[in-house]
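Asker: Please find one structure pasted underneath; my questions will follow.
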Amino acid sequence: MQNRTMEIGVGLFLLAGILALLLLALRVSGLSPATSTDTYKLYAYFDNIAGLTVRAKVTMAGVTIGKVTAIDLDRDNFTARVTLQLEKRVDNLPTDSTASILTAGLLGEKYIGISVGGEDDLLKNGGTIHDTQSSLVLEDLIGKFLLNTVSKDAK
Numbered sequence: 001m002q003n004r005t006m007e008i009g010v011g012l013f014l015l016a017g018i019l020a021l022l023l024l025a026l027r028v029s030g031l032s033p034a035t036s037t038d039t040y041k042l043y044a045y046f047d048n049i050a051g052l053t054v055r056a057k058v059t060m061a062g063v064t065i066g067k068v069t070a071i072d073l074d075r076d077n078f079t080a081r082v083t084l085q086l087e088k089r090v091d092n093l094p095t096d097s098t099a100s101i102l103t104a105g106l107l108g109e110k111y112i113g114i115s116v117g118g119e120d121d122l123l124k125n126g127g128t129i130h131d132t133q134s135s136l137v138l139e140d141l142i143g144k145f146l147l148n149t150v151s152k153d154a155k
């Protein structure tokens, strides 16, 4: 009987460990079902969003303040329209704030960083961040460097 109780205890402990790892994986991946209802939407238009995905984080001064909820192509001016879902606690962003697509580390995940402007007018729900900086594509940078080097050698 004591052996069976020990086996059940070990099984429950193992099950709790697996559930904890699953919860941790969901939190890290951003697939957590818990979504905050105190949010508002902003839009930002980028020329190039290479590597940015839905559920990417939105940060300000290194603090996560929201996430990317949708990425669409604006058929009128052929740019990418990114929908941002930001927490209500940062509902005081000036209209001249800047959104940049940044990379965590050298080859890490892409996310959006917001730099605060100085205007008195504030962005409201459904507003647009007009000043944006597109993603830096490493292949384009290497290509420009190589072409520049080749053109200098040809002279």
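Following full-length UniProt numbering from start to finish, the sequence shown increments by one per residue and tops out at 155. No residue lacks a Cβ here, since even glycine has one placed at the ideal position from N, Cα and C.
In the structure shown, what three-state DSSP assignment does Leu12 receive?
Answerer: The residue labelled residue 12 in the question sits at position 12 within the sequence shown. Residue state, collapsed to three classes: helix.
Asker: Is it right to say Ser135 is buried, meaning 16 or more other beta carbons lie within 10 angstroms of its own, or is it exposed?
Answerer: On the sequence shown, position 135 is the one that residue 135 refers to. It counts as buried.
Asker: For a test of the three-state rule: what should DSSP assign to residue 160, helix, strand or coil?
Answerer: Not covered by the structure: residue 160. The range shown for the chain is 1 to 155.
Asker: How would you call Phe46, buried or exposed, if buried means at least 16 neighbouring beta carbons within 10 angstroms?
Answerer: In the sequence shown, residue 46 corresponds to position 46, counting from 1. By the neighbour-count rule (16 or more Cβ atoms within 10 Å), Phe46 is buried.
Asker: Taking 8 angstroms as the threshold, find out whether the segment 98 to 116 comes into contact with the segment 52 to 72 through three or more Cβ pairs.
Answerer: As far as the Cβ criterion goes, the segment 98 to 116 touches the segment 52 to 72, which means the pair count is three or higher.
Asker: Provide the residue(s) that pair with Asp74 in DSSP beta bridges, ordered along the chain.
Answerer: By one-based count along the sequence shown, residue 74 stands at place 74. DSSP lists Thr79 as partners of Asp74.
Asker: Does Val68 pass the burial test, meaning 16 or more other C-beta atoms within 10 Å, or should it be called exposed?
Answerer: Mapped onto the sequence shown, residue 68 falls at position 68. By the neighbour-count rule (16 or more Cβ atoms within 10 Å), Val68 is buried.
Asker: Is the separation between the beta-carbon of Asn92 and that of Lys41 shorter than 8 angstroms?
Answerer: Here residue 92 is taken as the residue at index 92 of the sequence shown, counted from 1. Here residue 41 is taken as the residue at index 41 of the sequence shown, counted from 1. Not a contact, by the Cβ cut-off of 8 angstroms.
Asker: What residues are listed by DSSP as bridge partners for Leu44?
Answerer: Position 44 of the sequence shown, counted from the start, is the residue given in the question as residue 44. It should be noted that the sequence gives Ala, not Leu, for residue 44. Answer is Val82, Ile129, bridged to Ala44.
Asker: With a threshold of 6 angstroms on Cβ separation, who are the neighbours of Gly113 within its own chain once the five nearest residues in sequence on each side are excluded?
Answerer: Along the sequence shown, read from residue 1 onward, the residue named residue 113 stands at position 113. Only Thr59, Ser100, Leu102 meet the Cβ criterion.
Asker: If we count the other Cβ atoms within 10 Å of its Cβ and call it buried at 16 or more, is Thr132 buried or exposed?
Answerer: For the purposes of this step, residue 132 is identified with residue 132 of the sequence shown, where counting begins at 1. Per the 10 Å Cβ criterion, buried.
Asker: Where do the ends of the beta strand (DSSP E) carrying Ser135 lie?
Answerer: Stepping through the sequence shown from its first residue, residue 135 is reached at position 135. Looking at the DSSP string, Ser135 is not in any beta strand (DSSP E), and its letter there is neither H nor E.
Asker: Quick one: grab the DSSP three-state call for Glu7.
Answerer: Within the sequence shown, residue 7 is the residue found at index 7, counting from 1. Glu7 falls in the helix class under three-state DSSP.
Asker: What are the start and end residues of the beta strand (DSSP E) that includes Lys110?
Answerer: By 1-based counting over the sequence shown, the position of residue 110 is 110. Here the beta strand (DSSP E) through Lys110 covers 110 to 115.
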